[in-house]
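Just below is one structure, and these are the notes that go with it.
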Amino acid sequence: MKRALVILMAVVFVGFTGMDCEAAANNYELIETVYTVEQGDTLNGIAETYMAKNDYGPREIREFTSGIKELNDWLLQRDVQAGDELHINYWVKK
Numbered sequence: 003m004k005r006a007l008v009i010l011m012a013v014v015f016v017g018f019t020g021m022d023c024e025a026a027a028n029n030y031e032l033i034e035t036v037y038t039v040e041q042g043d044t045l046n047g048i049a050e051t052y053m054a055k056n057d058y059g060p061r062e063i064r065e066f067t068s069g070i071k072e073l074n075d076w077l078l079q080r081d082v083q084a085g086d087e088l089h090i091n092y093w094v095k096k
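Per the numbering used here, the sequence shown starts with residue 3, numbered consecutively.
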């Protein structure tokens, strides 16, 4: 009985997750951009700028910054410097 309940919950969760992805694909467009870091920029400042452009629900600064680090894995070794190019993704409503 317990196993059946766990399987049912997993199926429902996967169904809802799939609907969210489909809704995002139908109603939102993924923007993939490259930003060149300028003197005085910080990762948090850049993340705040692009997070404000994101229309797909509220996000926390830590989550958005983490997403930038995932796209630019060299950020795990050092901070941003003037001239660096950052790949940044965010969603906008169609």
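All residues carry an ideal CB built from backbone N, CA and C; glycine is no exception.
Validate contact between the segment 60-69 and the segment 25-34 using beta carbons, cut 8 Å, 3 pairs:
Contact between the segment 60-69 and the segment 25-34 is not established, with fewer than three Cβ pairs separated by less than 8 Å.
Within the present structure, is the beta-carbon of Asn28 separated from the nearest heavy atom of the ligand ADP by less than 7 Å?
Absence of the ligand ADP from the depicted structure is noted, as is the absence of any ligand whatsoever, leaving it without description.
Which whole-angstrom value describes the C-beta separation of Ile33 and Val82, a residue pair presumed to lie in contact below a C-beta threshold of 8 Å?
The residue given as residue 33 occupies position 31 in the sequence shown. The residue given as residue 82 occupies position 80 in the sequence shown. Between Ile33 and Val82 a beta carbon distance of about 20 Å is seen, past the 8 Å cut, so the two are scored as non-contacting.
Determine the DSSP secondary structure at Tyr52, reduced to helix, strand or coil.
Reading the sequence shown from its first residue, position 50 is the one you call residue 52. Secondary structure at Tyr52: helix, using DSSP grouped into helix, strand and coil.
Is Leu7 helix, strand or coil by DSSP?
In the sequence shown, the residue the question calls residue 7 occupies position 5. Summary for Leu7: the model assigns pLDDT 47, below 50, so the residue's position carries little reliability; its value from the coordinates is reported in the next sentence. Looking at Leu7 - three-state DSSP - the assignment turns out to be helix.
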